[in-house]
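Below: the structure, in structure tokens.
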Amino acid sequence: MTSAELQRLASLPPETRSQSVVVHQEISEAGSPPAERVDGSTDVIFVPNINISTGIRYGGYGNAQPVRGGSGSGFGGSKGSSGGASSGKEAAIAIVVIAAVALVAVAAVEGSRYDGTVQLHPMHPVHLWGRDGGYTVVPIAWLDASLAAWAEKGVVRSTEGPWRELQRQPLWRQGLTYAMYGGTGSMESVAGDKAAGPAFLIQGGYFPTDEIGILASMFFGWRDNRYQETMFDSRYFLELDYYPIKAGALHAGLFGGIGAAYRFEDLPDGTFAGGGARMFTGGALFQLELHTRIALTGRLGITHTYNERTSDMLVGISVY
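Using this note's numbering, the first residue of the sequence shown is number 1205, and each one after it goes up by one.
Here you go:
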């Protein structure tokens, strides 16, 4: 429970505040001693016996105590022995497989978390950590404005009383993010012919707000060139995402990025041609909420590099 939620609850009547409590499930439990479990037979006391001395002290249920620990221009070209593009493609496939396994693991962890409102017993224990490093535990009905202002965060546990999940929160991007996409992208060879091939994008970054995110990105794509040899394209860039539009579970936005691109092609004579250049990319984003922390994301993008313009269409999973 955030500090803002604690203060909101403290402003409500003690008899009703436990009916709808906003919680965000942590991956690991906070280090606090267990509290006595409450149930339907537990007496409800709305006016506690409070003894105030130095700091925050609530008699009869919990005592504050210190705790330790936390809470356009090119880079040049090259020509070499055979296998430059093929080797790059093989390495990219390995990276994509590892990234996909990591995405499944991260999505499984985040998908198991619950963010939303719950209904609790009025005497459900609330574990509180103060801004001064102190700790105490009180029933939710005993929470008042001074204690809520003192607390930096609160924790409630489903094992310590009746727990009824009411409604999940909508998609919540704020914080760290990891995503992976696959699809098709056009790539232009050194000879000037343009065609589509498999394309993949791996991203990781941070959303300081729910609408704006900054992501480090890796793009890999490949296809056969006119000689039926491998052409491999890779891009490494920093991207800014912006999601201003929301209609129910659907979201839409824009992205733009800048970075570097590298292109290698295997040639029939056993050599390869390649080089690098600056790149600029931008396009549209579309999202469908699957969970508070998971979304199905589609991207329509245009990239300008090597004095050429290419496009890509990708679909994947974003985890927040």
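Don't be surprised by glycine CBs; every beta carbon is placed ideally from N, CA and C.
task: Ignore the nearest five residues each way along the sequence and tell me which others in G1292's own chain have a CB closer than 6 Å to its CB.
output: F1436 and F1468
message: Just to confirm my understanding: we take S1522, look at its own chain, exclude 5 residues before and 5 after, and list those with CB closer than 6 Å. What are they?
response: A1383, A1499 and T1501
message: Any beta carbon from chain D within less than 9 Å of Y1318's own beta carbon?
response: The displayed structure is made up of one protein chain only, and chain D is not part of it.
Three CB pairs or more closer than 8 Å across the region 1387-1404 and the region 1344-1361: no
- prompt: Straight-line CA distance for L1458 to Y1446?
  reply: 5 Å
query: Run through DSSP, which three-state label would A1208 get?
result: helix
field: Range covered by the beta strand (DSSP E) that runs through G1409
entry: K1398 to F1411
- prompt: Just the Cα atoms here: how many angstroms apart are V1330 and I1462?
  reply: 47 Å
query: For A1355, which of helix, strand or coil comes out of DSSP?
result: strand
task: List the DSSP bridge partners of K1450.
output: H1455
- prompt: Expressed to the nearest angstrom, what Euclidean distance is found between the alpha-carbon atoms of A1453 and G1396?
  reply: 42 Å
task: Tell me S1508's beta-bridge partners as DSSP assigns them.
output: As written in the sequence, residue 1508 is His, which differs from the Ser given in the question. Answer by DSSP bridge pairing, in chain order: F1484 and R1513.
- request: In the DSSP assignment, find the unbroken alpha helix (DSSP H) run with G1292 in it and report its ends.
  value: G1288 to G1315
message: In whole angstroms, give me the CA-to-CA distance for Q1373 and V1225.
response: 12 Å
query: How would you write the range of the beta strand (DSSP E) that T1381 sits in, first residue to last?
result: G1379 to E1392
task: Could you name the residues of the same chain whose beta carbon sits closer than 8 Å to that of T1381, not counting the 5 residues immediately before and after it, in chain order?
output: Q1407, G1408, G1409, Y1410, F1411, G1417, L1419, S1522, V1523 and Y1524
field: Nonlocal neighbours in the same chain, by C-beta distance under 8 Å from I1260, ignoring five residues either side
entry: Bear in mind that a pLDDT of 41 at I1260, under 50, signals an unreliable position, so the model cannot answer this.
- request: Quick one: give me the first and last residue of the beta strand (DSSP E) that E1369 is part of.
  value: W1367 to R1372
query: Straight-line CA distance for T1475 to S1290?
result: 11 Å
8 Å CB neighbourhood of Q1211 in its chain, flanking five on each side removed: A1349, A1352 and A1353
message: Can you look up T1501 in the DSSP assignment and give me helix, strand or coil?
response: strand
query: In terms of residue numbering, what span does the beta strand (DSSP E) encompassing P1343 cover?
result: G1338 to P1343
task: May I ask you to report which of helix, strand or coil DSSP gives W1426?
output: strand
query: Just curious, the beta strand (DSSP E) that Q1432 is in, first and last residue?
result: From DSSP, Q1432 is part of no beta strand (DSSP E); its letter is neither H nor E.
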